[in-house]
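S.K.: Dropping the structure in here first, questions after.
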Amino acid sequence: MTSDIVEVQLVVFRLGEEEYGVPITQVKEINLLTKPTRIPKSPPFLEGVINLRGEIIPVIDLKKRFELEHIGYSDDGRIMIVEINGSIVGLIVDEVSEVLRLPKSSIEPPPPVIAGITSTYLEGVGKLDDRMLILLDLNEILTPGEHDELEELEEPDVVGSTANE
Numbered sequence: 031m032t033s034d035i036v037e038v039q040l041v042v043f044r045l046g047e048e049e050y051g052v053p054i055t056q057v058k059e060i061n062l063l064t065k066p067t068r069i070p071k072s073p074p075f076l077e078g079v080i081n082l083r084g085e086i087i088p089v090i091d092l093k094k095r096f097e098l099e100h101i102g103y104s105d106d107g108r109i110m111i112v113e114i115n116g117s118i119v120g121l122i123v124d125e126v127s128e129v130l131r132l133p134k135s136s137i138e139p140p141p142p143v144i145a146g147i148t149s150t151y152l153e154g155v156g157k158l159d160d161r162m163l164i165l166l167d168l169n170e171i172l173t174p175g176e177h178d179e180l181e182e183l184e185e186p187d188v189v190g191s192t193a194n195e
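The opening position of the sequence shown corresponds to residue 31 in the numbering used here, with each subsequent residue numbered one higher.
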């Protein structure tokens, strides 16, 4: 009997026409899309912060982060609350569609670029029946410097001081 994991459980979401998957173990919750509070002089992909039950959460727009076409938000838009390298972050996505199990044998290494996203952010490409899922490596979507910037935003004194600017 082997203890090797033969499948992964993924939360599947859409950015534009493409389907993406992230490990369910990194997803804490999924919320309706609410407008984040903008932070002056923040990176373009940082949409702002939200107050989630008393905790300040930075919110990243994945379309902006990946430099994908950005038309606006739909009624199906969601904020996925995820853990990235020990920090809690919100990710704006167009729609969260399902949770599914994908056999590890159906996952291939990522090509250098897929759907306009460099392989730095990619874990692989999953094939399921007639579908292809772009599997993201959430721990790679921020540089160490960007991660440090977002951690500073989570501190109440930083958020409070920017509200007065």
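Just so you know, even glycine gets a beta-carbon here, dropped at the ideal spot from N, CA and C.
Going by DSSP, what residue range makes up the alpha helix (DSSP H) through residue 92?
M.R.: Here the alpha helix (DSSP H) through residue 92 covers 92 to 95.
S.K.: Helix, strand or coil: which one does DSSP assign to residue 54?
M.R.: Three-state result, residue 54: helix.
S.K.: Quick one: grab the DSSP three-state call for residue 189.
M.R.: Residue confidence for residue 189 is low, a pLDDT of 45 falling below 50, so the modelled location carries little weight; the figure read from the coordinates is stated next. Note: residue 189 maps to helix in three-state DSSP.
S.K.: Would you tell me roughly how many angstroms separate the C-alpha atoms of residue 169 and residue 161, rounded to the nearest one?
M.R.: Rounded to whole angstroms, residue 169 to residue 161 spans 24 Å at the Cα level.
S.K.: By how many angstroms is the C-alpha of residue 86 removed from the C-alpha of residue 54?
M.R.: Roughly 22 Å between the two C-alpha positions.
S.K.: Identify whether residue 40 lies in helix, strand or coil by the three-state DSSP scheme.
M.R.: The answer is strand: DSSP assigns residue 40 an E or B state.
S.K.: Strictly by DSSP, which residues pair up with residue 49?
M.R.: Answer is 44, bridged to residue 49.
S.K.: If we call anything under 8 Å between Cβ atoms a contact, is residue 130 one with residue 151?
M.R.: No, these two residues do not count as a Cβ contact at 8 Å.
S.K.: Once the 5 residues before and after residue 41 are set aside, which same chain residues still bring their CB inside 6 Å of it?
M.R.: The residues are 52, 54, 57 and 129.
S.K.: What's the gap between the Cα of residue 174 and the Cα of residue 48?
M.R.: Answer to the nearest angstrom: the Cα atoms are 27 Å apart.
S.K.: Would you give the residue range spanned by the beta strand (DSSP E) that residue 166 belongs to?
M.R.: First-last of the beta strand (DSSP E) with residue 166: 161 to 166.
S.K.: At which residue ranges does the segment 56 to 81 contain complete beta strand (DSSP E) runs of 3 or more residues, listed in the order of the chain?
M.R.: The qualifying runs are 57 to 62.
S.K.: First and last residue of the beta strand (DSSP E) that includes residue 158?
M.R.: 152 to 158 is the span of the beta strand (DSSP E), which, as asked, contains residue 158.
S.K.: Mind pulling the beta strand (DSSP E) runs of 3 or more residues that sit fully within the segment 92 to 147?
M.R.: As far as the segment 92 to 147 is concerned, its whole beta strand (DSSP E) runs of at least 3 residues are 108 to 114, 117 to 123 and 125 to 133.
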